[in-house]
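Protein sequences, first through last, are from chains E and H.
Mapping the first sequence onto our numbering, position 319 (from 1) lands on 1157, and the numbers just tick up by one.
Mapping the second sequence onto our numbering, position 449 (from 1) lands on 469, and the numbers just tick up by one.
For glycine and all other residues, C-beta sits at the position ideal for the given N, C-alpha and C.
Below you'll find the structure, written out as structure tokens, and then a few comments.
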Amino acid sequence: MSEETTAAKLTRKDFVSDQDVRWCPGCGDYSILAQVQRLMPELGVEREKTVFISGIGCSSRFPYYMNTYGFHSIHGRAPAIATGLKASRPDLSVWVVTGDGDGLSIGGNHLLHVLRRNVDVNILLFNNRIYGLTKGQYSPTSERGKVTKSTPLGSVDFPLHPITVALGAEATFVARSIDVEAKHLQAVIRRASEHRGTSFVEILQNCNIFNDGAFSDITDKDRKAESQLVLEHGKPLVFGKERDKGIRMSGHKLEVVDLNNGGSESDLLIHDEQDAALAFLLSTLQPPSFPAPVGVFRAVDRPTYDASMAAQVEKAKEKAANADLDALFNRGDTWEV
Amino acid sequence: MQSETVAEKAIEERDRVVIRFAGDSGDGMQLAGMHFTNETALAGNDLSTLPDFPAEIRAPAGTLAGVSGFQLHFSSLDIFTPGDQPDVLVAMNPAALKVNVGDLPSNGILIVDKEQFTDQNIKKAEFTESPLTDGSLDRYQVFEVSITKLTLNALNDMGLPTRTMMRSRNFFALGLTSWLFQRDIEPTLRWIDAKFAKKPEIAEANRRVLKAGYNYGETAEVFRTAYKVKAAEIAPGRYRNITGNTAASLGLIAAARRADLRLFLGTYPITPASDILHELASHKEYDVYTFQAEDEIAGVGAALGAAFGGAVAVTSTSGPGICLKSETINLAVSVELPLVIADIQRGGPSTGLPTKTEQADLMLAMYGRNSDSPVPILAPATPADCFSVAYEAVRIAIRYMTPVFFLSDGYLANGAEPWRIPEAAKLPPVEVEFRKDPKGFFPYLRNRETLSRPWAIPGTPGLEHRVGGIEKDYLTGNVSYAPMNHEQMVRVRARKIAGIVREIPPTEVNGPAEGDLLILGWGSTYGSIESATRALQAEGEKVAHAHIRFINPLPPDLNEILTRYERVLVPELNMGQLVRMLRAEYLVDAIGLSKVQGQPFKVSEIVRKAKSLLGKNQ
Ligand code: SF4
């Protein structure tokens, strides 16, 4: 706890709480925490107006480490708690930190509904494709055939793709970044915080204890140029070390074109954050046949739940000639004895 | 009983009348009952109602499963229950007759819609012969009225489809009974005009049929006598008729206004609690925020989020919803934030009897969470009492930084009675003190008297802190797994709730201060127990009635009161839940009386049990 108010210019240190960080050494969560703490002073939101809410899981310890208001709640329910807080306190900047198990398994329903309502909160979903806190069972984003303690012969169910789920719920801001890509991660989270409405950010996060290297095909330094497709609004979908590959439409599908071998830059798709159909197609791309898109898939404007709710209340207050309690009690037919 | 003749019809005075409207669930019986109730309230009678409807919105028309009923007891004297048996039964079809006629005493008045007794309907109601002709109704005063035909006649020049015209039949029944008991139909006419302002032809149809029913009673040579029930002598003041759910809603709004805080309801529709959502949603001008969540869990989660932000937070539900909310309620216990949980109980287990009443969630409210997790429980005794108990629940929640159960039930929720309207300025204060000062602030530093922790809401500079469901340090609130700290926290949470006894006024005992029998109740059994107690007292029995509003903690004087009577009887609409708590708490040989039929106690059922305990077996 600190006694100073936030009048002075804040630094990263102001957002570091006095609690020891207890993630496993080498966990991808450290990097995410550092980027968020670094970014916070630049967002122009007072520390006391910032609230981090989480559920249960490794990622959900996040609020303890932020020197803001925080609420470490119960498994899967952070979006619901955040909705109640933001709807009744639109003046606050509300963040939800969740994981693939917390957000897409036990809390899947709440995640869908916070997204469709477009409550003005920022959701960071740390996807490590495993249950870490309970020591290594497969998660709803684990690839089919995943061998874990709970699936010794391999999992038989198909995974969810967080970005596709968010787009299906018509989330107004959907993005992906990577724990170790400090600059990209900061830029994406900054965009998320600036977006009015629900911002959904999937962060590919390495659990070095129970699922080490789950995303190494995407994140490895020497491979990433070939395996990441960095999305930029209004720019063609180009990737590759030499920026010599791109994505174009072929019928109803996307395909990779080699710009050195007959492909032309003018055939390539131009990224458009407003185009829902394109965002959906992009969300299905994954290695090995495609690079994994990172960046902002979709960003559109829609009225937010909290602002619309507040507007209804304000309008009702304006319209009511007399909103004192006695008037309320005496509504309808009354009689005197 | 005296008689006088006015306009060729006798008017007979009665002290009390019980009337039951029964028909198909599509026949509008609840509406007819509600308006008869309103007319009766405006006539100054004391009253009590019992709506009784099927869970299916539209069971197949004409079947026994589809019968919906509304019972009203009104009187020139004090009354406490909707009445054990109807004196008058209005049956709109054979199925309604079949389901209800068994409750009608000999010589009771039975009004039926003659045209509905077709062969087909008689068969659907599982009669072999028409009950109108087989002599089975001989012991009643039967009035066969052509309600369908007279309704259609009244509307025949309006060019409305038959289906639409048929929908007004309930207004004929209402008009007729309004005449029979000399009720003024003006308020109902006003309501029709307001309700159907945008559908003038429907308004006109309902007006016409209502008047046709009234005039039929007055002029047709069918009814020779009308009845009059004089106004009751009740405490002076301004009154309105109110259901439990409306009263609870107003209590919540009032408490939030008095606390000068936003009211936030997070909820999910469920019978019989949804009317709290509907009522609150229509009062946004009082700074009321209602959130219809995606499920029960999100409803209470959002409420808890709002509590963290400094709102008066409420979630409303029924038993199945409490099961889903348990984990969040426990989180509220752990993070010590104020939250009112309105459980409008219904028959269970599981989906059970959604539209029928029961008091069987007491153990669930008391113990239905993992670990040692004390939550205060308050229960209203009557529909109007829902106002003050909901208000008190908010006050306790804030003062003690705790979730609080408001344990109502379907009978209170939908039942109505006259409510003496309070003056807002005279309501008790609801004090709120948000922590502002960072100096010496610790999230779990407790108030010495109440043991509650400070309410430090986001937006307050210098008080940034984290709360959560993990066990926390006694002072700082930081995560702590230390063994002794955990025991200290479990104990202090228990002591905090136990300390709420200081808020409980002395228990009122109606009857002798000591004697042969104390009938102890909680919640909606109030009316039946009070009526039974008075009946027994009138026979000279040394019987008293005490009714507790606080169930957790129990009133501090209760133990001593229990010792002053030879026997203690605890009637409950469950298999014996409070009685179990009392036996465990006080080692008293309290005896339970259970009823689990989805219906309130009849007065006679309690009297019979009391007499058997008093050694007076009839
Ligand atoms: S188990 Fe995995 S996700 Fe959890 S803290 Fe350790 S490395 Fe990180």
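**Request:** Would you decide whether L139(H) is buried or exposed? Buried here means 16 or more other CB atoms lie within 10 Å of its CB.
**Result:** Reading off the sequence shown, one finds Asp at residue 139(H), where the question assumed Leu. Exposed is the call here.
**Asked** In terms of residue numbering, what span does the beta strand (DSSP E) encompassing M1087(E) cover?
**Response** Counting along the chain, the beta strand (DSSP E) containing M1087(E) begins and ends at K1083 to S1088.
**Prompt:** To the nearest angstrom, how far is it from the Cα of T936(E) to the Cα of N1044(E)?
**Reply:** Taking the straight line joining both Cα atoms gives about 15 Å.
**Request:** Measure from the C-beta of T843(E) to each C-beta in chain H and report whether the shortest distance is under 7 Å.
**Result:** Reliability fails at T843(E), whose pLDDT of 49 lies under 50, so the model's placement of it is uncertain and the value that follows must be treated cautiously. Answer yes: the Cβ-Cβ gap between T843(E) and chain H drops below 7 Å somewhere.
**Request:** Pick out whichever of S624(H), M601(H) and R584(H) has its Cα sitting closest to the Cα of R554(H).
**Result:** That would be S624(H), whose Cα lies nearest to the Cα of R554(H).
**Prompt:** Heavy atom of the ligand SF4 less than 6 Å from the Cβ of W542(H), yes or no?
**Reply:** W542(H): no, Cβ never under 6 Å from the ligand SF4.
**Request:** Quickly, what does DSSP pair T37(H) with across the bridge? List them, please.
**Result:** Note on identity: in this sequence residue 37(H) is Val, with Thr being the wrong assignment. Bridge partners of V37(H) according to DSSP: F94(H).
**Request:** Would you mind telling me which residues of chain H sit closer than 9 Å to L848(E), beta carbon to beta carbon, in chain order?
**Result:** Per Cβ cutoff of 9 Å: no residues; L848(E) is ~12 Å from chain H at best.
**Spatial distance of V854(E) from L598(H) (CA atoms)** = It is roughly 50 Å from the alpha-carbon of V854(E) to the alpha-carbon of L598(H).
**Prompt:** Can you find at least 3 beta carbon pairs, one from the region 863–875 of chain E and one from the region 1039–1055 of chain E, that sit closer than 8 Å?
**Reply:** In short, these stretches touch, since the Cβ pair count reaches three.
**Asked** Shortest alpha-carbon distance to H1090(E) belongs to which of L1107(E), K1079(E), A1009(E) and T979(E)?
**Response** Between H1090(E) and the set L1107(E), K1079(E), A1009(E) and T979(E), the nearest pair of CA atoms involves L1107(E).
**Request:** Taking all protein chains shown into account, decide if K376(H) is buried (16 or more other Cβ within 10 angstroms of its Cβ) or exposed.
**Result:** Buried, since its Cβ has 16 or more Cβ neighbours within 10 Å.
**Item:** Minimum C-alpha distance to G1170(E) - residue among D47(H), E59(H) and D44(H)
**Value:** The shortest Cα separation from G1170(E) among D47(H), E59(H) and D44(H) belongs to E59(H).
**Collapsed DSSP secondary structure at F1048(E) in the structure displayed** = Under the three-state reduction of DSSP output, F1048(E) falls in the coil class, being neither helix nor strand.
**Item:** Extent of the continuous alpha helix (DSSP H) to which V874(E) belongs
**Value:** That run of the alpha helix (DSSP H) goes D867 to L877.
**Item:** Under 7 Å between C-beta atoms of P102(H) and N261(H)
**Value:** No.
**Message:** Less than 6 Å separating the Cβ of D867(E) from some heavy atom of the ligand SF4?
**Reply:** Yes, the Cβ of D867(E) comes within 6 Å of a heavy atom of the ligand SF4.
**Prompt:** What is the residue span of the beta strand (DSSP E) that N960(E) lies within?
**Reply:** DSSP places N960(E) inside the beta strand (DSSP E), whose first and last residues are V959 to N965.
**Prompt:** Quick one: is V203(H) near chain E, going by C-beta distance under 7 Å?
**Reply:** Rather than Val, the amino acid found at residue 203(H) in this sequence is Arg. The beta carbon of R203(H) does not come within 7 Å of any beta carbon belonging to chain E, so the residue lies off that interface.
**Request:** Consider the C-beta atom of C862(E) and the heavy atoms of the ligand SF4; say whether any pair is separated by less than 6 Å.
**Result:** Checking the Cβ of C862(E) against the ligand SF4 gives yes.
**Message:** Taking 8 Å as the cut-off, does the region 425–436 of chain H touch the region 276–296 of chain H (at least 3 CB pairs, one atom from each stretch)?
**Reply:** Result yes; three or more Cβ-Cβ pairs closer than 8 Å.
**Message:** Counting only beta-carbon separations shorter than 7 Å, does N1044(E) have a partner in chain H?
**Reply:** It does not; no Cβ of chain H falls within 7 Å.
**Own chain residues within Cβ distance below 8 Å of L67(H), not counting five before or after** = The residues are T57, T60, A61, L92, H93, F94, S95, I99, N261, A436, E437 and P438.
**Neighbour list for N58(H) in chain E, Cβ cutoff strictly below 9 Å** = Near N58(H) (Cβ distances below 9 Å), the residues of chain E are G1170 and D1171.
**Message:** I'd like to confirm the pairing. Which residues does DSSP put opposite D133(H) in its beta bridges?
**Reply:** When DSSP reads this structure, D133(H) sits in a beta bridge with V165(H).
**Message:** Just list the residues that DSSP pairs V487(H) with in beta bridges.
**Reply:** Beta-bridge pairing links V487(H) to F909(E).
**Prompt:** Would the C-beta of N1046(E) count as close to the ligand SF4, meaning under 6 Å from any of its heavy atoms?
**Reply:** When distances are taken from the beta-carbon of N1046(E) to the heavy atoms of the ligand SF4, the shortest one is below 6 Å.
**Message:** Whole angstroms are fine: how far does the CA of R1034(E) sit from the CA of L848(E)?
**Reply:** Cα-Cα distance, rounded: 24 Å.
**Message:** Taking 6 Å as the cut-off, is the beta-carbon of G319(H) closer than that to any non-hydrogen atom of the ligand SF4?
**Reply:** No, the Cβ of G319(H) stays beyond 6 Å of every heavy atom of the ligand SF4.
**Message:** Let me make sure I understand the geometry here. Which of D1164(E), D1144(E), L1069(E) and G941(E) has the alpha-carbon closest to that of A1025(E)?
**Reply:** Checking every option, the nearest Cα to that of A1025(E) belongs to L1069(E).
**Prompt:** Would the beta-carbon of L281(H) fall within 7 Å of that of V332(H)?
**Reply:** In this structure, L281(H) places its C-beta atom within 7 Å of the C-beta atom of V332(H).
**Message:** Taking CB distances under 7 Å as the criterion, tell me whether S1127(E) reaches chain H.
**Reply:** S1127(E) does not count as touching chain H.
**Message:** So P400(H) and G541(H) are supposed to be a Cβ contact under 8 Å. How far apart are they, rounded?
**Reply:** That belief does not hold up - the Cβ atoms of P400(H) and G541(H) are roughly 12 Å apart, past 8 Å.
**Request:** Below 8 Å between beta carbons is the criterion; list the residues of the region 287–317 of chain H that meet it against any residue of chain E, in chain order.
**Result:** So the close ones are H303, K304, E305, Y306, D307, V308, Y309, F311, A313, E314, D315 and I317.
**Prompt:** Given that V487(H) touches chain E, what residues does it touch there, using C-beta distances under 8 Å?
**Reply:** Result: G908, F909 and H910.
**Three-way DSSP call (helix, strand, coil) for V623(H) in this model** = Three-state DSSP puts V623(H) in a helix.
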